[in-house]
Each structure stands twice: as C-alpha cells, then as structure tokens.
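Quick note on our numbering: the first sequence kicks off at 1 and runs consecutively.
Note that beta-carbon positions come from the ideal geometry of N, C-alpha and C, so glycine has one too.
All values derive from a computational prediction rather than experimental measurement.
One structure is given here, and the rest of the page talks about it.
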Amino acid sequence: MKKRLITLIHQNLAGLFARYGIEDYSFIDVQVPPDKANGDFSLNAAMKLAKAAKCAPQKLAAEMVASLETEKDWFARVEVAGPGFINLFLANNVIEDSFNKLVAQKDLVEQAAAGGEATIIDYSSVNIAKQMHVGHLRSTIIGDVLARVIEALGNPVVRQNHLGDWGLPMAMVIWKAGPEIAAIEQRKGDLARELTLARLEELYKGVSAECKDNPATAAACAECLVRLQNGDSQMLDLWHKIVRISMAEVYRIYRLLDVKLVEENECGESFYRDMLAETVAEIDKSGKMVESQGARCVFLDEFKGKDGSPLPVIVQKTDGAFNYGTFDLAALRYRTAKLKAQRIVYVTDARQALHFKQIFAVARAVGILALPDVKLEHVPFGTILGEDNKPLKTRSGENVKLAELLDEAIERAYQVVKEKNPGLSEERKKEVARIVGIGAVKYADLSQNRNNDYVFSFDRMLALNGNTAPYLQYAHARICSIFRKAGLDIDAFAAAAVVSQVEERDLMMKLMEFNQAVVAVAIELRPHILCNYLYELAACFSSFYDKCPVLSCEDAKVRDSRLAISNFTRRTLAKGLELLGISAPREM
RNA sequence: GCGCUUGUAGCUCAAUUGGAUAGAGCAACGGACUUCGGAUCCGUAGGUUGAGGGUUCGAAUCCUUCCAGGCGCGCCA
Numbered sequence: 001m002k003k004r005l006i007t008l009i010h011q012n013l014a015g016l017f018a019r020y021g022i023e024d025y026s027f028i029d030v031q032v033p034p035d036k037a038n039g040d041f042s043l044n045a046a047m048k049l050a051k052a053a054k055c056a057p058q059k060l061a062a063e064m065v066a067s068l069e070t071e072k073d074w075f076a077r078v079e080v081a082g083p084g085f086i087n088l089f090l091a092n093n094v095i096e097d098s099f100n101k102l103v104a105q106k107d108l109v110e111q112a113a114a115g116g117e118a119t120i121i122d123y124s125s126v127n128i129a130k131q132m133h134v135g136h137l138r139s140t141i142i143g144d145v146l147a148r149v150i151e152a153l154g155n156p157v158v159r160q161n162h163l164g165d166w167g168l169p170m171a172m173v174i175w176k177a178g179p180e181i182a183a184i185e186q187r188k189g190d191l192a193r194e195l196t197l198a199r200l201e202e203l204y205k206g207v208s209a210e211c212k213d214n215p216a217t218a219a220a221c222a223e224c225l226v227r228l229q230n231g232d233s234q235m236l237d238l239w240h241k242i243v244r245i246s247m248a249e250v251y252r253i254y255r256l257l258d259v260k261l262v263e264e265n266e267c268g269e270s271f272y273r274d275m276l277a278e279t280v281a282e283i284d285k286s287g288k289m290v291e292s293q294g295a296r297c298v299f300l301d302e303f304k305g306k307d308g309s310p311l312p313v314i315v316q317k318t319d320g321a322f323n324y325g326t327f328d329l330a331a332l333r334y335r336t337a338k339l340k341a342q343r344i345v346y347v348t349d350a351r352q353a354l355h356f357k358q359i360f361a362v363a364r365a366v367g368i369l370a371l372p373d374v375k376l377e378h379v380p381f382g383t384i385l386g387e388d389n390k391p392l393k394t395r396s397g398e399n400v401k402l403a404e405l406l407d408e409a410i411e412r413a414y415q416v417v418k419e420k421n422p423g424l425s426e427e428r429k430k431e432v433a434r435i436v437g438i439g440a441v442k443y444a445d446l447s448q449n450r451n452n453d454y455v456f457s458f459d460r461m462l463a464l465n466g467n468t469a470p471y472l473q474y475a476h477a478r479i480c481s482i483f484r485k486a487g488l489d490i491d492a493f494a495a496a497a498v499v500s501q502v503e504e505r506d507l508m509m510k511l512m513e514f515n516q517a518v519v520a521v522a523i524e525l526r527p528h529i530l531c532n533y534l535y536e537l538a539a540c541f542s543s544f545y546d547k548c549p550v551l552s553c554e555d556a557k558v559r560d561s562r563l564a565i566s567n568f569t570r571r572t573l574a575k576g577l578e579l580l581g582i583s584a585p586r587e588m
C-alpha cells in the first residue's frame, strides 16, 4: 500500500514541483507518525524542498495539500501541521481494498527483482574439539536469521560455517586422541559413543597445557602438524574422524536451536588449505607485500598500531605458516571467484571489527576480489553478560555450555507451561516447553540492537508480558484457539475485511507494514527491527482481541471480517517468527 | 597513547536513520461484563537522552570538547 501511495503522491505533485523548478523529488517518502492524531501517514517533503523551491515550508505544504485533496478516493482528510508536515488520513475503503489484496497474495514477502543478489552469510564458525558455549550463540542465531530473511526476499543465499578445523590445535588433538581412536577401533567399539565431544575437549585442554611445560610434547604435536599439512593419510583419517565426532554434537544443538546449517555448509579453514600459498603469491604480485621481522605482511596507511607505527596484516608468519587473516583472504578470493558472491556478510563478535576492516581493505587493495564491487559487511555484536554485568561464565569461571543453557531454558519453560496450562498432555507440554524455551532464548538475543552487550536473564526472556517470544507465541495460540472453538478450518478460511472499529483499522494498518520490516532487516542486518515490529503487531492484536468480540459478534459480515483479520494476523506472526527461526505453537 | 563502541525513566530496552509532545515492558499505584485462553487489556506516575558548545525550520540521532564504561591495537582465532 505504501508503495502505491507514494506513486500516487509523486504523480499528483509532479505539476506543482515543476512550477517550482524542482526536478528531483524521487526521495519523497511517507512516514507513519508516532501519534495517530497526525494521520495514517505524514509527509515532510515541504520542509525538505522549501529551500530548493525558495518558498516558505508552510506555504509550500499548503499548496501540496490543496493538490492532494483532489484525491478523494484516497484521502478522507489532508492537512498541514506544525512547521510544514502534511498529514494524510486515509479513507477506510482504501485500507480495506489494500488489505484484502494483500491477504489474497500467497507470499507475505515481496521477492527481489532480477533474481536478487548472490549472498554469502558466514556465521556460527564453531571450533572442532570444542563444545559450543554461549560465545557461539549470537553468531549462530543472528546469522541464521539474516540468512532466512535475505533468502525469503528472493536472494540466492549460501550459508557458510567457517570451522576452526585446521592448524596446530587440530594437530594437538590428533596427537592425543589418535591412540584412543585406534584402541576403540581395534576392539570394534562404537567410536561415536565412546569418544564424545566433551572427551575430545578434555583431551585438547590437556595437551594444550602439556605443550606449555613439556617441549617433547610440543615437538610431537608440531610433527603431527607437519604430517597433517603434508597430507599424510593416517593423519587425515584421524583428523576426519575427529571432525565428524565433533560436528555430530554440534548438529544436535543446531537441530535443537532450529538453525539451518548442515554439512554442506561446512567450509572451514581446512577447505582453504591448498589455496593459501597461491593467495599469498597473488598478493605478492600486487607489489604491496613486504617482509617485516621475518613475516610477510601488507601495510595500509589507514591502520596504525600502538605507538603510531604502521600496523601490518600478516599473510605469512615467520615460520612459513599462514594465520587466520590468510584464510579469510583466501575465502574472499574463493567466494567471489567460484561462488560469484555479490554480497558477503560476516557475523562475528565486535572484537573482530578491526580484523575484518583490515581484511576487507587488504583484499581490495591487492585486488584479489574477482568481483571488485562485491559488498563486504561485518555484522558485529556485543557480549552476553551475566547478572553481574560481566561476560557470562559459570561459577567456576568457565564458559557456559550451550547445551546446558538450552536445557535449563526448556526446563524453566516446562514449569511455566505446567502451571499455566495443566490440561495439556504430558507429551504436548514437553513439546511446548521446547518451543517456548528455545524461542525465548533466541528472541531475547534477536530483539535487541546487536551492537550492545546484553544481560542474560531467564526470568525476563520467559516473561509472558512485554517484548518476548512467549508473548508473541501466546497471541498466535489465541488466534488458533478462536478458530478451534468455532470449528473453522483456519488454513482455508477467507472473507472480506471491513473497518467497523478503530482497533480493526489499527491492526490492518499494522499488518500492512510487515514487508517493510523484513526488507529493513535485510538492508541493515538487524533482526531486532522485525522483533519490534512483531511485538507491536501482537500488542495491536491484543487490543483488538479485547475490544472486538469475534465469535459473539452478531453482524455476520463484521464477524467474518474479524475472523479474516485474526487469521491474517496469525499468518503474519507465524511467518515473522519463522524468519526468526522460532516456532509458533497452535496451543501452549 | 591511538582506534572502535556504548551511555535514554529506579531496572531491561525502543525510537521509522535529521522529524512533531522521546516510547514499551518490568517494578509501583488504580481500574476492566465470572473471560472468543486474565499467559490479557486500559489508565496514573516516572526524562535536562552522561555534560557543555555548535550546525538548522527541527538533534537522542550530525560536528566538536570533555566525563564514564566495554573492547581492540604483529605473527592466537
């Protein structure tokens, strides 16, 4: 509707602007004013154009109003307000028509033109032989939502899980776990059962500590690394087994979280191992590579170190090995050349901001991007804090295991479900607890501006009121309940919507904003915009539900209309939550 | 030291990217046909947007100087 409205305004005002010698008015847009008293939409164009038109804003606004007033089919009222705002009050039948057209569409999200933009989302990035902990939560769920949203808008999306699966840590694990693997296999034991990820992590921590004070161990690990890098088949075999054991547990958590990453998305450091040398060679060709203190580096003027000295990006270490920056540069090369990415989005914590800034700058400076105008975006986010405002840790100071955190959320949700809806079967209660508990954790994260750190609180995220997943899920369940009670097939129901009360009107207007919210998330890479929208929508529905009886409404036309509005609210909530990777139960 | 980032109601967060009287939830107080699911809704109270200066029709938002927190700054990722 907004799009049609803007087109109408542009056409209507073209003549007026021409008389004032204004050529470019394409930027003219409408806003939804904060206060409903100021109309359904408002226009600040008169103030923006006043200078160019050499005309007082209020006078210009008055002329614009006079012109817009002729559109009787659209506007019930048009007025000038304040310093030159133009407030537009839509006629109810315009809202009804637009709304009914929208409801009739199959897809709630408009598809991008021309096949969209080939986009890579790099997120989650787990390390092999380490259990997932809170530190992985944000990247995993924010990245997953961005992938869903950008994909839903019709862009081809490739998800990439940049695993930490190569290098010295892996060699250390192999050195330690190798004998255990051999022993288990020799007695034909079940490897997956006996060698858990938790065990692998324990082994890794052990060697890691041992390497520090035992040079013999360190040397042995170094030798493993050399063999691994040279493609020794025995080493590679062990390496592969460890990766699979590790990822099996990661996928258990992804499934629990309803995160869409699968094995095909694994594209870790090991994937680029044979591209590193040629990447460095190509950087060298650019003439920008220099040797400094034995390492091969690229220096760019915009990056300065501690004492103002130039800060390098090291592409090859003194010992000839490559470090993480080289992997990222190789990945950029691959992603633009082979995957033909037009947009690459990295979802990692804010501490890596400088790293990505450097990598992007180097990549452009040395010309390793097959598509020079590819959009490179780092999506930083803050830290998850405990109630003490310090990074969330266990009492003993360790990272909180993601598996344990999620289990606790589900357990707490179960207690709430048991209390609020004792009538559900035990099986349903468990299912609902999972949906509500996981949804709460994800929503708590997604609903805030990702720039900031946030304090993790089960009580707040599971609250049944306010901007939480359970509140949205409850609104959804209530709508389903209406249809259950009436014995109507919710998926097949259709009727024309009409405006008979202000709550209906508000809700219909809000429903028509959905697509805009989704588009904004894709552009700004900020999921909380969609969360805010859904919360406002659910709140709007709750008011409607309170003031507009549906089933007991005597006027059949109004009753059907309310059913239609309710049903479309349900669809919108469900779609929005789906884009957030959160389920919407029909009862809870 | 330099850089990035944050500072909004007692608490947790928003604010359509420069728009109108800065909005929600929690906590507090007061209400709502014995209810289409009260897991809800409506209202009251709560603010010098860290501080000062500037830019303009208009600033939480942009520029600038301070104050306070967090993070980062050569071979870890």
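Cβ-Cβ separation, residue j to residue i (assumed contact under 8 Å), whole Å
i    : j    : result
P310 : V298 : Actually they do not touch by this definition, with Cβ atoms about 10 Å apart.
M47  : L13  : About 14 Å separates the two Cβ atoms, so there is no contact after all.
V149 : V521 : 5 Å
K442 : L530 : Contact flag wrong, Cβ pair sits at about 12 Å.
R450 : R351 : Wrong, their Cβ atoms sit about 14 Å apart, outside the cutoff.
G164 : I128 : 6 Å
F458 : L563 : Actually they do not touch by this definition, with Cβ atoms about 36 Å apart.
W166 : R335 : 18 Å between Cβ atoms; not a contact.
A413 : L464 : About 11 Å; that fails the 8 Å criterion.
I523 : V347 : The Cβ separation is near 16 Å, so there is no contact.
L392 : H136 : Actually they do not touch by this definition, with Cβ atoms about 12 Å apart.
A496 : N100 : 6 Å
Selection from the options that minimises the alpha carbon distance to residue i
i    : options                   : result
I121 : I482, D319, Q415 and N265 : N265
P169 : Q229, P156, G116 and G154 : Q229
A363 : L60, Q131, E79 and M289   : M289
A353 : L200, V436, F381 and L49  : F381
D258 : A440, D373 and S98        : A440
Y471 : G437, G206 and I482       : G437
L191 : I245, I142, I174 and D144 : I245
K575 : L108, A56, G82 and Q358   : L108
D40  : D506, L339 and L329       : D506
C267 : A331, E210 and I283       : A331
S26  : L8, N92, P34 and G466     : L8
K54  : P33, G206 and R19         : R19
L371 : F568, A118, P585 and R193 : A118
V280 : V432, R428, Q516 and N323 : N323
I95  : F544, M508 and F541       : M508
K340 : G116, L195, D349 and F514 : G116
CA-to-CA distance, residue j to residue i, given in whole angstroms
i    : j    : result
A147 : L376 : 15 Å
A248 : A337 : 31 Å
G308 : R138 : 34 Å
I482 : S566 : 9 Å
V498 : R559 : 10 Å
F75  : E69  : 7 Å
S42  : Y535 : 23 Å
I28  : H162 : 42 Å
Q160 : Q111 : 23 Å
E553 : V417 : This sequence places Cys at residue 553; Glu is not what is there. The alpha-carbon atoms of C553 and V417 are separated by roughly 31 Å.
H378 : S425 : 46 Å
Bridge partner(s) assigned by DSSP for residue i
i    : result
Q316 : R296
V590 : This structure cannot settle anything about residue 590, because the visible part of the chain is limited to 1 through 588.
Y324 : In the DSSP output, where bridge partners are listed per residue, Y324 has none listed.
E266 : N161
P391 : L385
M289 : V298
F41  : L88
Residues near residue i in its chain [Cβ-Cβ closer than 7 Å; skip 5 each side]
i    : result
L102 : M512
L203 : V173, K176 and A177
A538 : Y471, L472, A475 and L573
Neighbourhood of residue i by C-beta, 6 Å cutoff - its chain only, sequence neighbours within 5 removed
i    : result
L225 : L168 and A171
P549 : none
R434 : I410
A486 : L551
S500 : V558
Spatial neighbours of residue i in its chain, beta-carbon cut-off 8 Å, leaving aside the 5 residues before and after
i    : result
N38  : A81, F85 and N87
I359 : V313, G325, D328, L329 and L332
T318 : Q293, G294 and A295
E578 : R148 and A584
Contact test: residue i Cβ vs the ligand SAM heavy atom, cutoff 7 Å
i    : result
A330 : The ligand SAM is not among the ligands present in this structure, which contains no ligands whatsoever.
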